[in-house]
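Residue numbers (numbering that gives the first Met the number 0), protein chains in the order written: chain A, 0 to 420; chain B, 0 to 420. Glycine is no exception: its CB is placed at the ideal position from the N, C-alpha and C atoms.
Number of protein chains: 2
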Amino acid sequence: MPQDIKAMMQEIGAQAQSASQILALASCEQKNHALLKAAQAIRNHKEKILAANKKDIDRAKERGLSPALIDRLLLDDARTENIAASIEAIAKLDDPVGHIMDRWQRPNQLNISRIRVPLGVIGIIYESRPNVTADAGILCLKSGNAAVLRCGSESKYSSRALHKALVEGLIAAGLPKESIQLIPTQDREAVGELLKLQDYVDIIIPRGGKGLIKRVQEESRIPVIAHLDGICHIYLESSAAIDKAVDIIHNAKMRRTGICGAAETLLVERAALSSHLPAILDRLISSGCEIRGDSDVQKLNPKILPAFEEDWKTEYLEAVFSIKTVENTAQAIAHIARYGSHHTDCIITENPLHAEKFLNEVDSAIVMHNASTQFADGGEFGMGAEIGISTGKMHARGPVGLEQLTSYKYQVRGNGQIRPL
Amino acid sequence: MPQDIKAMMQEIGAQAQSASQILALASCEQKNHALLKAAQAIRNHKEKILAANKKDIDRAKERGLSPALIDRLLLDDARTENIAASIEAIAKLDDPVGHIMDRWQRPNQLNISRIRVPLGVIGIIYESRPNVTADAGILCLKSGNAAVLRCGSESKYSSRALHKALVEGLIAAGLPKESIQLIPTQDREAVGELLKLQDYVDIIIPRGGKGLIKRVQEESRIPVIAHLDGICHIYLESSAAIDKAVDIIHNAKMRRTGICGAAETLLVERAALSSHLPAILDRLISSGCEIRGDSDVQKLNPKILPAFEEDWKTEYLEAVFSIKTVENTAQAIAHIARYGSHHTDCIITENPLHAEKFLNEVDSAIVMHNASTQFADGGEFGMGAEIGISTGKMHARGPVGLEQLTSYKYQVRGNGQIRPL
């Protein structure tokens, strides 16, 4: 059986590569045609998709999955319409392929242009949410890449139904149906084989828990774009406007506690402990947030639990917030360098010099001044859509949108130039 | 002993990371100061450097290395001056760090900029040529990265002497001497340990033979920017101007046969066999080039050897050229897609439509029209200097210069924005 899986994955890889060569040269119109037809197919087959999703939900309930996980799996009329609408939104985005990034002439009259080209074949491994099947497949398609998708077993029926609709769009536009493939088996070996397809797959994007990402980074011979922890910090200075600070911090922590851009640690300049922190604590505690603080912070409110070393290293992803006192901007930056995860960090201050110091010195994908860390999102950045947020520095950093799914090539136009010795 | 090497490499990694945090914030002036002082130190210590080089050369002769390898190792007055001068040239290049790549405002008034930042710590593993110690160290420094260098054992004395001069420059400029480290041991285990330093090293660049690159790609948990084969093609059409074609092809093949941008295979449109190829063959054969052709090509000259399937897959890196007949542009593109290495490929034609088809459809880092493939070089592209040519698509493709040694981050400036639900 493993031999069959190996052969199947080789076949999937080879077909994806062939498809990618056609996609790389497909016009924007043709790709958009496939997108719009896929959106239409999702609407046309809504009943089938919801029926498939019911099978996933029933299995999830049998297996005793948590209500939160079941909610992530669930599709209904509105969510299905959302998937179709977001495909149409991607159709409206500019095509990155063929964009001239740069152009110059050399003294010997050689004309050099650097233009965007697709990466080739993108393997995406993801868990639970079925809409990723559509989002990821469509982002790859629009950026001229072939996609090899591997969904979590919990969403297999929903993902298959959505994938069928995408293939309908591809066929309607005259593009290879292998442009977006969904690995059919649920065998765990298939993931291992996908990670070994370095002859066919150009890049792997894992979307899921730390276990998945660790496995991919350890096993893969293929370059990986991955999102690791989102231990996001807010540094609050005494010069901050109190109302702004209360609103930003509450939003950064509590708007959605389970997303990677949610704040996990608040660093407070000592001078702001008495002036700013009480109002912030009131707002957070009355919203049901658990606070863990150092001894200076604990003095402000009896409800505050003690924070331990482990708290500074923890991405809670729930309504828990750690708070630490620091003496100044430099100490805040040093804390973030030591405990942060290079994702998103923010300073709240009315001191422009401190703000610029923080923006320049903190080594994170996204550094912010006076705004909620929950803006860490490709859509909020105006990139239209994203496939995730990269915490690595190679290739793509921060939100991974259409542009980040491309490479480039140099076109050199001459009229007989030869290189002197 | 291996335990000592492991501990030593961990120490080197940690020191490089600390240095990289300082380098990332160093001003252009400070970095340039280190560069100019290093160039001066190389001139000041020229005698010591040449004496060290003599030890390497003597060892190489004892070990019976080929004259070509010994020549690659050799330093003399002119080559040493060249190293110093090229450091000064890098000082004159624009600093990529801090460059604003893009800037926009969102409807909610958030101001977003994307700015270049260094990658962090770059590990470079290279063979034989001692000047790489200076080139690689200096390119990393100018782009704000710390460098961990591992030279080949053949150049160890020369590399150490050059490294000393670089450290003199660092110290003179007040930068950490660990900004450029040369792994002191010659143990083979040190390479293995370097490849495992994923907590400290952000990127590995191997420069050397296929064995080295294969080892690095297989063992490393760190992202790799690598140069694999340079199987460069020229496609010659019957509409080409004969004189241009003869000059370009001769230069592309024979200017230097051992560099990655040297042409290895000529594809000839059938209609050009009798009109163009004879003059080209005359020029190549009289320059001492061995020709291997298909049966149609062989008919043109009795000196032509038969080409076999293996020839289309071979990067000769010497005065050998394979020639194949194709029917049209599409067939040439298909041959390159099958046998090429995505490095540099060129079309010689006076037909602008065919030229554009070739430039768009050939999936190589560099695609050329009517110019020698030997222009595949960061210096010739105006990038000032390069650390190699990447044949991968992730992060950097083609010449890897200062810009390609950077990542970016997003700076977001707000005035109290919170994200709506």
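Asked: With a cut-off of 8 Å on the beta carbons, I'd call B:Ala-33 and B:Leu-169 a contact; round off their distance for me.; Found: 5 Å
Asked: Could you confirm whether any beta carbon from chain B is found closer than 9 Å to the beta carbon of A:Phe-374?; Found: yes
Asked: I'd like to check one pair, A:Cys-259 with A:Gln-135: are the Cβ atoms closer than 9 Å?; Found: Here residue 135 of chain A turns out to be Ala, not Gln, going by the sequence shown. Not closer than 9 Å, so no.
Asked: As an exercise, report each continuous beta strand (DSSP E) stretch of at least 3 residues that is fully enclosed by the stretch 123-161 of chain A, in chain order.; Found: 145-149
Asked: Between A:Arg-220 and the rest of its own chain, which residues show a CB-CB distance below 8 Å, the 5 nearest in sequence each way excluded?; Found: Leu-194, Lys-195, Gln-197
Asked: Which residues in the same chain have their Cβ closer than 6 Å to the Cβ of A:Trp-311, if we skip the five residues on either side of it in sequence?; Found: Tyr-338
Asked: Give the single residue among B:Pro-222, B:Ala-239, B:Ile-203, B:Asp-228 whose Cα lies nearest to the Cα of B:Lys-209.; Found: B:Asp-228
Asked: Taking only beta-carbon atoms, is A:Lys-408 less than 9 Å away from chain B?; Found: yes
Asked: May I have the straight-line CA-CA distance separating A:Pro-222 from A:Gly-12, to the nearest angstrom?; Found: 16 Å
Asked: May I ask you to verify whether the stretch 81-91 of chain A touches the stretch 352-370 of chain B, counting CB pairs closer than 8 Å and requiring at least 3?; Found: no
Asked: Identify, in the order they occur along the chain, each residue of the same chain with its Cβ nearer than 6 Å to the Cβ of B:Thr-372, setting aside the five sequence neighbours on each side.; Found: Cys-231, Ala-251, Gly-260, Ala-262, Thr-343, Cys-345
Asked: Taking C-beta pairs closer than 7 Å, name the residues in chain B that A:Gly-381 reaches, listed in chain order.; Found: Trp-103, Arg-105
Asked: For A:Ile-48, which residues from the same chain have a beta carbon less than 8 Å from its beta carbon, with the 5 sequence-adjacent residues on both sides left out?; Found: Ile-41, Leu-74, Thr-79, Ser-157, Ala-160, Leu-161, Ala-164
Asked: Taking DSSP's pairing of strands, which residues face A:Ala-370 in a bridge?; Found: B:Gln-416
Asked: Determine, using beta carbons only, whether A:Ala-370 and B:Arg-412 come nearer to each other than 9 Å.; Found: yes
Asked: Can you list, in chain order, the residues of its chain whose CB lies under 6 Å from that of B:Leu-64, leaving out five sequence neighbours each side?; Found: none
Asked: At which residue ranges does the stretch 37-62 of chain A contain complete alpha helix (DSSP H) runs of 4 or more residues, listed in the order of the chain?; Found: 45-61
Asked: Among the candidates B:Lys-392, B:Gln-403, B:Asn-359, whose CA atom is the shortest distance from the CA of A:Ser-443?; Found: With chain A represented from 0 up to 420, any question about residue 443 of chain A goes unanswered, as that position is not in the structure.
Asked: Taking one C-beta from the stretch 274-286 of chain B and one from the stretch 240-247 of chain B each time, how about it: are there three or more such pairs within less than 8 Å?; Found: yes
Asked: Any C-beta of chain B sitting closer than 9 Å to the C-beta of A:Leu-401?; Found: no
Asked: Using 9 Å as the threshold, is the C-beta distance between B:Ser-406 and A:Arg-62 below it?; Found: no
Asked: Does the distance from the CB of A:Ile-204 to the CB of A:Ile-123 come in under 9 Å?; Found: yes
Asked: Regarding B:Tyr-407 and the ligand SAH, is the C-beta to nearest heavy atom distance less than 8 Å?; Found: This structure lacks the ligand SAH; in fact it carries no ligand of any kind.
Asked: Three-state secondary structure (DSSP) at B:Met-100?; Found: strand
Asked: Indicate whether at least one CB of chain B lies closer than 9 Å to the CB of A:Asp-281.; Found: no
Asked: Hey, is the stretch 136-145 of chain B in contact with the stretch 92-110 of chain B, meaning 3+ C-beta pairs nearer than 8 Å?; Found: yes
Asked: Check whether the Cβ of A:Met-0 lies closer than 9 Å to any Cβ atom in chain B.; Found: Residue placement at A:Met-0 is flagged as unreliable, the pLDDT there being 49, under the threshold of 50; the coordinate-derived value follows with that caveat. False, the Cβ-Cβ gap to chain B never drops below 9 Å.
Asked: How is the alpha helix (DSSP H) around A:Asn-359 delimited, first residue to last?; Found: 351-360
Asked: Pull up the distance between the alpha-carbon of A:Ala-306 and that of A:Gly-292, whole angstroms please.; Found: 5 Å
Asked: With a threshold of 9 Å between beta carbons, is A:Gly-397 in contact with chain B?; Found: yes
Asked: Which same chain residues end up closer than 8 Å to A:Arg-128 when comparing Cβ atoms and leaving out the 5 residues on each side of it in sequence?; Found: Arg-71, Leu-72, Ser-154
Asked: Just the chain B side, please: which residues come within less than 7 Å of A:Ala-370 by C-beta, in chain order?; Found: Leu-109, Val-411, Gly-413, Gln-416
Asked: For A:Gln-14 and A:Met-8, what's the separation of their Cα atoms in angstroms?; Found: 10 Å
Asked: Among the candidates A:Lys-30, A:Gly-207, A:Leu-118, whose CA atom is the shortest distance from the CA of B:Ser-363?; Found: A:Leu-118
Asked: Under the three-state reduction of DSSP, which class applies to A:Thr-79: helix, strand or coil?; Found: helix
Asked: Nearest to B:Ala-271 by CA position, among B:Ile-69, B:Glu-177, B:Phe-380, B:Glu-349, is which residue?; Found: B:Glu-349
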